[in-house]
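Just below is one structure, and these are the notes that go with it.
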Amino acid sequence: MISDFFEKLKRNFALNSSVTILNNKQVLIENCKNIVECNDILVRIISSNYEIEVWGVNLKISNYSSKTIAVNGEIQSVNVVKRGKNN
Amino acid sequence: MSIVETVSFKITGNSISKLLNKFLDLRIKCRNLIVSGNAVFGQTSIIDWKSVENICRELDMEIEIVEKKGLSLNLRWLWHRKGIILGFTVGLIMITLLSNIMLQVRFKGGNDETKQLLLNYMKDKNISYGCFMPSIDTFNLELEMLQEFDEISWIGIYKTGGTLNIDLIESYAKTENSQRRLPSDLIASHDGKIVKVEVFGGALLTTVGSGVHKGQVLVSGKVQLSDTETKMYRSEGNIYAEYVETVSFNCNYEDERMVMLPDVEKRYFLKFYEIDLPLTFSKKIKGQYKTKDKINKLSFLGIDLPINVKSVEYTPYNFDVVNYSKEEAEKEAYRLSKNYEDNLLKNCEILDKKESISHSENGIKLDVTYTVIKNIAVEKEILIK
Numbered sequence: 004m005i006s007d008f009f010e011k012l013k014r015n016f017a018l019n020s021s022v023t024i025l026n027n028k029q030v031l032i033e034n035c036k037n038i039v040e041c042n043d044i045l046v047r048i049i050s051s052n053y054e055i056e057v058w059g060v061n062l063k064i065s066n067y068s069s070k071t072i073a074v075n076g077e078i079q080s081v082n083v084v085k086r087g088k089n090n
Numbered sequence: 014m015s016i017v018e019t020v021s022f023k024i025t026g027n028s029i030s031k032l033l034n035k036f037l038d039l040r041i042k043c044r045n046l047i048v049s050g051n052a053v054f055g056q057t058s059i060i061d062w063k064s065v066e067n068i069c070r071e072l073d074m075e076i077e078i079v080e081k082k083g084l085s086l087n088l089r090w091l092w093h094r095k096g097i098i099l100g101f102t103v104g105l106i107m108i109t110l111l112s113n114i115m116l117q118v119r120f121k122g123g124n125d126e127t128k129q130l131l132l133n134y135m136k137d138k139n140i141s142y143g144c145f146m147p148s149i150d151t152f153n154l155e156l157e158m159l160q161e162f163d164e165i166s167w168i169g170i171y172k173t174g175g176t177l178n179i180d181l182i183e184s185y186a187k188t189e190n191s192q193r194r195l196p197s198d199l200i201a202s203h204d205g206k207i208v209k210v211e212v213f214g215g216a217l218l219t220t221v222g223s224g225v226h227k228g229q230v231l232v233s234g235k236v237q238l239s240d241t242e243t244k245m246y247r248s249e250g251n252i253y254a255e256y257v258e259t260v261s262f263n264c265n266y267e268d269e270r271m272v273m274l275p276d277v278e279k280r281y282f283l284k285f286y287e288i289d290l291p292l293t294f295s296k297k298i299k300g301q302y303k304t305k306d307k308i309n310k311l312s313f314l315g316i317d318l319p320i321n322v323k324s325v326e327y328t329p330y331n332f333d334v335v336n337y338s339k340e341e342a343e344k345e346a347y348r349l350s351k352n353y354e355d356n357l358l359k360n361c362e363i364l365d366k367k368e369s370i371s372h373s374e375n376g377i378k379l380d381v382t383y384t385v386i387k388n389i390a391v392e393k394e395i396l397i398k
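First to last, the sequence lines map onto chains D and A.
Under our numbering, the first residue of the first sequence is numbered 4, with each subsequent residue one higher.
Under our numbering, the first residue of the second sequence is numbered 14, with each subsequent residue one higher.
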């Protein structure tokens, strides 16, 4: 019940992290908290409740606005792993 | 190429993760960030560059500029050529001004008199050469002009650049056709002796060689066709008579005359369409003066340019009392008599001219007796009871 309420709250206040994949060229991640790792094959980012891993070749990151990161390059995979106690 | 200058940088150090998170937290916009070992390569705008430097200093990382790009950087050389900037700015201002001020009024249709009337009307409404074009309300101006002038039956006003175009159709006043053919006589305007007769209508009551008095009926409109029938006509014709008239011409020894002063001043103007821009800065000319304009038209390859040089000659004058000598007064009187002959007696044949001069205390009097041949027939309506 409470978790449902928080989910609704997050959705209404746009606190959910959003991942947009454009072909295999770009991954746009909104509501980022932290960049944990960044090199030309892996970019690991922490968002609200998830850890997002972008694997690929020649990866470059760009941040155009607050808490939004675009990962450019040849994307091979995107892993979304839930963080927190229940994980 | 971006308008804002961008800086490509290389940052080396151990706290790369911290650096990237700082960028994220402080909303520093970076592009193409590549992490390779202990180095981060990327691009940022010159606006965020100071913040990037501060972060690096804070995290004890080395920063190095790899390349600078941007239109503003490419145009930096212009700063040393201020003339180009000045010329460009002046040109821009000129274009803006010239495309918004009235340079000429172009009429389509209408005669010169109507055009001048409309120009004067617009001048009263503060619409003249050099005024601000967007402030002209053409719709209302059209309506006002149509109401004001009976000479116009239709008017269309529109703007093209610095030109105000006025299309107009005049309402031609119908000539008053004199449909009246009231019966009339021809009477004599002077006493004289008839020398020649041309009658086109009516009955001639006199003959060539006979003398007539002023007011005498020469040709009658009342024609008796038979003993019982009388018909009224409009008399038409020319009756030439020889008569004598005396005219006096006076000239006082003291007279007030316009005297042109020798201090002629010349001013030059740059005429751009209809606007006169003064080329010389000098004091305003005071007093009364006559002006004489001369426009030197400039052309290029046979095409007249809208820019001309106009010179205006200001000749001042005042009114002075002129004292004539006896001879000068006589000369002036003869000049007046000559003017009279040239203007008022131009349709007459002067047979004889007798002159007599009399002197008085104030001036001279020239009496000229003319013997002339002139058409003395004047039309007079017949009033029927």
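We treat Cβ as the ideally placed atom computed from N, Cα and C, and that holds for glycine.
| query | result |
| --- | --- |
| Residues within the region 6-32 of chain D neighbouring chain A, beta-carbon criterion of under 7 Å | none |
| Proximity to A/V210 [Cα-Cα], best of A/E66, A/G315, A/Y253 and A/S49 | A/Y253 |
| For A/F262, the first and last residue of its enclosing beta strand (DSSP E) | E249 to N265 |
| Beta-carbon proximity list for D/Q79, same chain, < 6 Å, skipping 5 on both sides | W58 and G59 |
| Residue span of the beta strand (DSSP E) that contains A/G169, given as start and end | I165 to T173 |
| C-beta atoms of A/R44 and D/S65 nearer than 8 Å | yes |
| Positions along the region 45-64 of chain A whose CB lies within less than 9 Å of some CB in chain D | N45, L46, I47, V48, S49, G50, V53, F54, G55 and Q56 |
| Limits of the alpha helix (DSSP H) - the one that A/K138 falls within | Careful: A/K138 lies outside any alpha helix (DSSP H) and carries neither H nor E. |
| Short CB-CB distance (under 8 Å) between A/L72 and chain D | no |
| Three-way DSSP call (helix, strand, coil) for A/L364 in this model | strand |
| Limits of the beta strand (DSSP E) - the one that A/E345 falls within | Segment K339 to N356 is the alpha helix (DSSP H) holding A/E345; no beta strand (DSSP E) there. |
| Below-8 Å beta-carbon distance, A/V17 vs any chain D residue | no |
| Cross-chain neighbours of D/I64 in chain A, by beta carbon under 7 Å | L46 |
| 8 Å Cβ cutoff, D/Y53 in contact with chain A | no |
| Where D/N90 falls: helix, strand or coil (DSSP) | Low local confidence applies: a pLDDT of 44 at D/N90 is under 50, so the model's placement there is unreliable, with the coordinate-based value given in what follows. In this structure, D/N90 counts as coil in the three-state DSSP scheme. |
| Under the three-state DSSP convention, the category A/G104 falls into | helix |
| Three-state secondary structure (DSSP) of A/H203 | coil |
| Alpha-carbon to alpha-carbon, A/I98 and A/I288 | 28 Å |
| Given A/G123 as reference, the closest of A/S112, A/F294 and A/I165 once Cα atoms are compared | A/I165 |
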